[in-house]
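Chemist: The structure that follows is given in the form of structure tokens.
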Amino acid sequence: MKNKILVVDDEHLIRWSLEQSLKKQGYEVSTAGSGEEALRLVQEETPDLVLLDIQLPGMNGMEVLEKIKELEEDVIVIMVTALGVLETAVKAMRLGAYDYINKPFNLDELAIVIKKALETHELRLEVAQLRAVQPKRFSISSIIGASSDLQHVLSMVRKIALSDAGTVLIQGESGTGKELIAKAIHYEGARADKPFMAINCAAVPETLLESELMGHEKGAFTDAKSQKKGLFEMAHGGTVFLDEIGDMPMAIQAKLLRVLEDRTFRRVGGVRDIHVDIRIVSATNCNLLEAIEAKDFRSDLYYRLQVIPIFLPPLRERRDDILLLARHFISGFNREFGKDVKRISPEAEAVLIKYDWPGNIRELRNVIERAVILENDETMELSHLPREVVSRSLPAGDGGPLIFNLPTEGIDIEDVERELIKQALESSDGNQSKAAKKLNLGIDAFRYRMKKFKFL
């Protein structure tokens with residue numbers, strides 16, 4: 012799609028010359044000989060860029076600039092001014108002009124100015140769109156789950172996001188969604204329009220990690236050919252997410268402690284303290300207390316990090332959320348791969364709920380993605396799930412799988428489930444916790460089935 016440019020100048024020859032030159036460069040061009048005509052065309056055509064002469068008869072260029080910005084704030088305006096009126100050009104910049112160029116101008120130089128202006132404008136629009144989308148994508152409402160444990164976590168996240176809390180520690184097994192929680196804290200709070208910078212402390216070599224976090228000065232080491240800002244500096248006003256902080260080298264832990272205490276640091280090779288306003292959210296799947304005992308983690312850093320601790324429960328403790336997440340992933344992969352999986356069979360549902368998910372949500376997502384990609388049925392069947400998931404989910408007896416005798420005429424799986432719930436309650440004298448344990452279900456999952464079959 013061609014960019015639209017409006018040329019505003021009272022000299023016919025200049026308008027004609029610019030129109031011909033810009034059309035050859037692939038732009039769609041309109042021209043106006045007065046401010047009044049220019050404003051009419053801005054309303055009718057909404058150009059991407061306006062070349063506006065300051066010296067116009069009647070309404071001058073400065074007045075036209077103000078009116079354009081009232082009509083269409085995002086339109087780029089480049090002022091064209093005669094030599095000797097620099098003060099006017101500077102005033103135009105304050106009123107919202109992108110740039111100015113002096114008469115007489117070189118057409119090649121003008122082409123470069125226009126190209127850069129349009130590229131900058133497109134980047135700003137993309138950034139604005141991302142800033143509008145990211146808070147929705149990573150809001151608390153986008154986190155899937157109804158279990159009481161998860162709801163407790165989300166309640167904490169909401170409070171933290173709206174507070175001035177500067178240090179948060181998220182602990183949980185790999186795949187439980189720690190980065191998603193970190194992003195929710197950022198995008199639900201006042202820092203949402205500022206940067207969210209993330210780094211995996213286990214993935215960056217020790218020799219580079221300090222430079223990545225704190226930046227370096229030119230000549231600080233052999234390959235430091237120029238000054239570089241680190242994540243702490245680039246995230247000023249926003250959030251830094253330190254993933255797998257339990258794997259951070261001891262030498263850098265000491266320097267991080269200072270950042271946590273007073274939000275100051277020095278670039279590698281630097282002599283000047285740099286102060287930043289950042290929220291630091293850390294995450295780990297390690298037991299940090301064990302790491303402290305093993306002399307792999309500083310105790311003073313641990314106690315400074317865990318000002319506000321969040322513990323993310325593993326998926327096996329959130330069995331009520333498994334099918335909600337599975338259906339959410341199916342919906343997303345249907346769109347991504349052009350499939351039409353509409354449901355999960357009762358047998359497959361039972362296996363998904365029973366399986367312990369050592370890889371947590373990430374593993375569940377991968378299993379669902381594989382099934383959607385490889386199969387074309389509208390129902391996700393037991394046969395579509397990986398063998399290891401199915402085999403580890405079968406009920407076991409004395410040394411082998413428990414076998415049920417299926418009637419020749421078949422049976423409704425709902426009747427079987429209802430009967431199992433009933434028998435579990437009867438054999439536990441109505442104690443729901445004991446009954447849930449006999450069926451290897453979490454209490455939330457068991458109560459869900461009690462309500463479903465009207466035992467509650």
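What the sequence shown shows, in the working numbering, is residues 12 to 467, in sequence order.
All residues carry an ideal CB built from backbone N, CA and C; glycine is no exception.
On a predicted model such as this, the values are computed, not experimentally measured, just so you know.
1. Assuming Phe252 and Phe207 form a contact by the criterion Cβ under 8 Å, report the distance between their Cβ atoms to the nearest whole angstrom.
2. To the nearest angstrom, report how far apart Arg269 and Leu316 are at their CA atoms.
3. Please identify the residue among Asn117, Leu82, Ile65 and Glu120 whose C-alpha is closest to the C-alpha of Ala93.
4. May I have a chain-ordered list of the beta strand (DSSP E) segments no shorter than 3 residues that lie completely inside the segment 222–284?
5. Based on the DSSP output, what are the partners of Glu39 in its beta bridges?
6. What does a CB cutoff of less than 8 Å around Glu399 pick up in its chain, not counting 5 residues either side in sequence?
7. Roughly how many angstroms separate the alpha carbons of Leu467 and Ser404, rounded to a whole number?
8. Is the beta carbon of Val53 less than 7 Å from the beta carbon of Ile89?
9. Between which two residues does the alpha helix (DSSP H) carrying Asp351 extend?
10. What beta strand (DSSP E) runs, 3 residues minimum, are completely inside the segment 65–122?
11. Give every residue of the same chain whose Cβ lies closer than 6 Å to the Cβ of Gly370, excluding the five residues on either side of it in the sequence, and list them in chain order.
12. With 16 as the cutoff for other CB atoms within 10 Å, does Thr295 come out buried or exposed?
13. Could you give the DSSP three-state label for Ala209: helix, strand or coil?
14. Please work out which residues of its chain come closer than 6 Å, Cβ to Cβ, to Ala435, disregarding the five sequence neighbours upstream and downstream, and give them in chain order.
15. So, Leu375 versus Leu336, is the Cβ gap smaller than 7 Å?
16. If contacts are defined as beta-carbon pairs under 8 Å, then Ile384 and Ile341 qualify, I think. What distance do you get, rounded to the angstrom?
17. Do the CB positions of Gly172 and Glu199 come within less than 7 Å of each other?
18. Using only the alpha-carbon positions, how far apart do Met245 and Ile154 sit?
19. Looking only at its chain, what residues have a beta carbon closer than 7 Å to the beta carbon of Gly411, apart from the 5 residues adjacent to it on each side?
20. According to DSSP, simplified to helix, strand and coil, what is Ala201?
Modeler: Straight from the coordinates:
1. For this step, residue 252 is matched to residue 241 along the sequence shown. For this step, residue 207 is matched to residue 196 along the sequence shown. About 7 Å separates the two Cβ atoms, so the contact holds.
2. Numbered from its first residue, the sequence shown carries residue 269 at position 258. Numbered from its first residue, the sequence shown carries residue 316 at position 305. Whole-angstrom Cα-Cα distance: 12 Å.
3. Sequence index remark: in the sequence shown, residue 93 carries index 82 (1-based). Residue Ile65 holds the alpha-carbon nearest to the alpha-carbon of Ala93 among Asn117, Leu82, Ile65 and Glu120.
4. 250–254
5. As a working mapping, residue 39 is identified with position 28 in the sequence shown. Partner(s): Lys15.
6. As a first step, residue 399 is located in the sequence shown; it is residue number 388 there, counting from the start. Around Glu399: no qualifying Cβ.
7. Walking along the sequence shown from the start, residue 467 turns up at place 456. Walking along the sequence shown from the start, residue 404 turns up at place 393. Cα to Cα, the separation comes out at about 27 Å.
8. Locating residue 53 in the sequence shown gives position 42, counting from the first residue. Locating residue 89 in the sequence shown gives position 78, counting from the first residue. Contact flag unset, no.
9. As a working mapping, residue 351 is identified with position 340 in the sequence shown. Neither: Asp351 is in no alpha helix (DSSP H) and is coded neither H nor E.
10. 87–93 and 110–114
11. Locating residue 370 in the sequence shown gives position 359, where the first residue counts as 1. Gly186.
12. On the sequence shown, residue 295 is found 284 positions in, with the first residue counted as 1. Buried, because 16 or more other Cβ atoms sit within 10 Å of the Cβ of Thr295.
13. Locating residue 209 in the sequence shown gives position 198, counting from the first residue. In the structure shown, Ala209 sits in a strand (DSSP, three-state: E or B).
14. On the sequence shown, residue 435 is found 424 positions in, with the first residue counted as 1. For Ala435, where only same-chain residues beyond five positions count, the Cβ hits under 6 Å are Ala446, Lys449 and Leu450.
15. The count along the sequence shown starts at 1 and reaches residue 375 at position 364. The count along the sequence shown starts at 1 and reaches residue 336 at position 325. Closer than 7 Å, so yes.
16. The residue labelled residue 384 in the question sits at position 373 within the sequence shown. The residue labelled residue 341 in the question sits at position 330 within the sequence shown. Going by Cβ atoms, the distance from Ile384 to Ile341 rounds to 12 Å, so no, they are not a contact pair.
17. On the sequence shown, position 161 is the one that residue 172 refers to. On the sequence shown, position 188 is the one that residue 199 refers to. Per the sequence presented here, residue 172 reads as Ala, with Gly not at that position. Taking 7 Å as the Cβ cut-off, Ala172 and Glu199 qualify as a contacting pair.
18. The sequence position of residue 245 within the sequence shown is 234, counting from 1. The sequence position of residue 154 within the sequence shown is 143, counting from 1. Within the model, the alpha-carbon separation for Met245 versus Ile154 is close to 27 Å.
19. The count along the sequence shown starts at 1 and reaches residue 411 at position 400. Because the pLDDT of Gly411 is 39, which lies under 50, any placement of that residue in the model is unreliable, and the number read from its coordinates should be weighed accordingly. Within the same chain, Gly411 has no close Cβ partners at all.
20. The residue given as residue 201 occupies position 190 in the sequence shown. Here Ala201 sits in coil by DSSP.
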